[in-house]
Amino acid sequence: MVGDSDFGRQINSDRSFRALVIDDDAQMRRMVMTYLETNDISVAGASNKRDTLKQLATGEFRLAILDLQLGTENGLDLLREIRAISEIPVIIITGHRRHEVDRVVGLELGADDYLTKPFGLSELLARARAVLRRSESSRTAPARDSGALMYHFGGWTLDERAQRLTAPSGEPIDLTKSEYYLLIAFLRSPMKPLSRERLLQATRMHEDVFDRSIDVQILRLRRKLEKNSSAPEFIQTKRGIGYLFSVPVKVTKA
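When we follow my numbering, the leftmost residue of the sequence shown carries the number 790, and every step to the right adds one.
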């Protein structure tokens, strides 16, 4: 098991790794930044939208931690703007468990994980570690060229060689690496229930990733595939088991 400090040294070995902590509460921001720094993670802080966008434009960051309660500003709007300019992994912080709508909307806008106040700093570090490992694994995953296939389902096409998804309209749909491998796992086993553990392995996540992270990936993939993500046609939830890709898939050579 890698310790917190060891992990910090690993991801910061080239001294280019930085985390951006976005919170208008100066005391909370300093506390989070200090904790990350003690675990060898370089950090910067921002208290509002202007500071955040300026930091992202001038600095190299590999993780953002965003409190959705930004005083008079809307944290979800800021998340939307971050996603428009960057694929940086984002962990969102929400104020209370009753703010479920904010969490769901945040995940749909592209957040990679969330925490609800109050939370432990050690849990924040663990979730940061999981998100970063997931991101690194996705960035370094090799393309599959040998014997590549084409998958056809419900008017959609996935080209395995080009790693390109095309909608029935002919429009190309961008997928993250994790979303791509998740979809491939479904297309290789259509009409069969797949456990969360199997899907986690398929998306090249590590054993310390929390189970709900696969639910985040499913939510984001559904938003790209489904006409109505709240009433999915393709990816069905199988309570107590996992998920099922519920439409036939035709496979041809690429």
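All residues carry an ideal CB built from backbone N, CA and C; glycine is no exception.
task = Give the straight-line distance between the Cα atoms of A808 and V1040, rounded to the nearest whole angstrom.
result = If you number the sequence shown from 1, residue 808 lands on position 19. If you number the sequence shown from 1, residue 1040 lands on position 251. The alpha-carbon atoms of A808 and V1040 are separated by roughly 42 Å.
query = Considering only C-alpha positions, which residue in the set L1008, T955, E1015, V1038 is nearest to G899?
reply = By 1-based counting over the sequence shown, the position of residue 899 is 110. Nearest C-alpha to G899 among L1008, T955, E1015, V1038: L1008.
message = Relative to the C-alpha of T861, which candidate in I882, Q816, D812, L842 has its C-alpha closest?
response = One-based indexing of the sequence shown puts residue 861 at position 72. D812 is the residue among I882, Q816, D812, L842 whose C-alpha sits nearest the C-alpha of T861.
query = So, are the CB atoms of L845 and S875 less than 8 Å apart?
reply = On the sequence shown, position 56 is the one that residue 845 refers to. On the sequence shown, position 86 is the one that residue 875 refers to. Result yes, Cβ atoms of L845 and S875 sit closer than 8 Å.
message = As an exercise, report each continuous alpha helix (DSSP H) stretch of at least 4 residues that is fully enclosed by the stretch 818-876, in chain order.
response = Complete alpha helix (DSSP H) runs here, min 4: 838-847, 864-874.
Distance, Q1006 Cα to F1023 Cα = Indexing the sequence shown from 1 puts residue 1023 at position 234. Indexing the sequence shown from 1 puts residue 1006 at position 217. In this structure, the CA atom of F1023 is about 14 Å from the CA atom of Q1006.
ask   = So, is the C-beta of G944 closer than 8 Å to a C-beta in chain B?
value = No chain B appears in this structure, which consists of one protein chain only.
query = What residues in its chain sit with their C-beta under 8 Å from that of E996, if we drop five residues either side in the sequence?
reply = For the purposes of this step, residue 996 is identified with residue 207 of the sequence shown, where counting begins at 1. Note that E996 scores 39 on pLDDT, short of 50, meaning its location in the model is unreliable and no value can be drawn from it.
task = Please state whether DSSP places S1018 in a helix, a strand or coil.
result = Indexing the sequence shown from 1 puts residue 1018 at position 229. Coil at S1018, not helix or strand.
ask   = Name the DSSP bridge partner or partners of K1042?
value = Here the question's residue 1042 lines up with position 253 in the sequence shown. L938.
query = Which value, in whole angstroms, describes the spacing of the CA atoms of I1003 and V920?
reply = In the sequence shown, the residue the question calls residue 1003 occupies position 214. In the sequence shown, the residue the question calls residue 920 occupies position 131. Those two C-alpha atoms are separated by around 12 Å.
task = Return the chain-ordered list of same chain residues with a C-beta closer than 6 Å to the C-beta of I882, the five sequence neighbours on each side being excluded.
result = Along the sequence shown, one-based indexing puts residue 882 at 93. Hits under 6 Å: D856, L904.
query = Secondary structure at V879, three-state DSSP: helix, strand or coil?
reply = For the purposes of this step, residue 879 is identified with residue 90 of the sequence shown, where counting begins at 1. V879 carries a strand assignment under DSSP once its states are collapsed to helix, strand and coil.
Status (buried if at least 16 other CB within 10 Å, exposed otherwise) for T841 = Translated into positions along the sequence shown, residue 841 becomes position 52. Per the 10 Å Cβ criterion, buried.
message = Here's a check: name, in chain order, each residue in its chain whose Cβ is nearer than 7 Å to the Cβ of T1026, leaving out the five neighbours to either side.
response = In the sequence shown, residue 1026 corresponds to position 237, counting from 1. Contacts found: Y1032.
key: Sub-8 Å separation of V879 and L868 beta-carbons   = Residue numbering aside, residue 879 sits at position 90 when the sequence shown is read from its first letter. Residue numbering aside, residue 868 sits at position 79 when the sequence shown is read from its first letter. Going by C-beta atoms, V879 is nearer than 8 Å to L868.
key: Nonlocal neighbours in the same chain, by C-beta distance under 8 Å from P957, ignoring five residues either side   = Translated into the one-based positions of the sequence shown, residue 957 becomes position 168. For P957, same chain residues with a beta-carbon under 8 Å away, outside a window of 5 residues either side, are G943, G944, W945 in chain order.
request  = Check the C-beta distance from I877 over to V810 and give it rounded, since I have them as a contact under 8 Å.
outcome  = Residue numbering aside, residue 877 sits at position 88 when the sequence shown is read from its first letter. Residue numbering aside, residue 810 sits at position 21 when the sequence shown is read from its first letter. Not quite, the Cβ-Cβ distance comes to about 13 Å (not below 8 Å), so this is no contact.
request  = Return the chain-ordered list of same chain residues with a C-beta closer than 7 Å to the C-beta of R839, the five sequence neighbours on each side being excluded.
outcome  = As a working mapping, residue 839 is identified with position 50 in the sequence shown. Within the same chain, no residue comes within 7 Å of R839 by CB-CB distance, once the 5 residues on both sides are set aside.
message = If contacts are defined as beta-carbon pairs under 8 Å, then Q858 and G834 qualify, I think. What distance do you get, rounded to the angstrom?
response = Position 69 of the sequence shown, counting from 1, holds the residue named residue 858. Position 45 of the sequence shown, counting from 1, holds the residue named residue 834. With 8 Å as the limit, Q858 and G834 do not qualify as a contact, their Cβ atoms being about 16 Å apart.
task = Consult DSSP for R950 and reduce its assignment to one of helix, strand or coil.
result = Taking the sequence shown and counting its residues from 1, the one referred to as residue 950 is at position 161. Three-state result, R950: coil.
request  = For my contact list, L971 and L988 are in at a C-beta cut-off of 8 Å; report their separation, rounded to the angstrom.
outcome  = One-based indexing of the sequence shown puts residue 971 at position 182. One-based indexing of the sequence shown puts residue 988 at position 199. Taking C-beta atoms under 8 Å as the contact rule, L971 and L988 qualify, at a distance of about 6 Å.
ask   = Ends of the alpha helix (DSSP H) at K966?
value = Position 177 of the sequence shown, counted from the start, is the residue given in the question as residue 966. Run containing K966: 966-977, per the alpha helix (DSSP H) assignment.
key: Separation of N837 from R892, as counted between CA atoms   = As a first step, residue 892 is located in the sequence shown; it is residue number 103 there, counting from the start. As a first step, residue 837 is located in the sequence shown; it is residue number 48 there, counting from the start. Each residue's Cα considered, the two are about 19 Å apart.
message = Please return the same chain residues whose Cβ sits closer than 6 Å to the Cβ of F850, not counting the five positions on each side in sequence.
response = Counting from one through the sequence shown, the residue named residue 850 turns up at place 61. The answer, listed in chain order, is R807, L809, I877.
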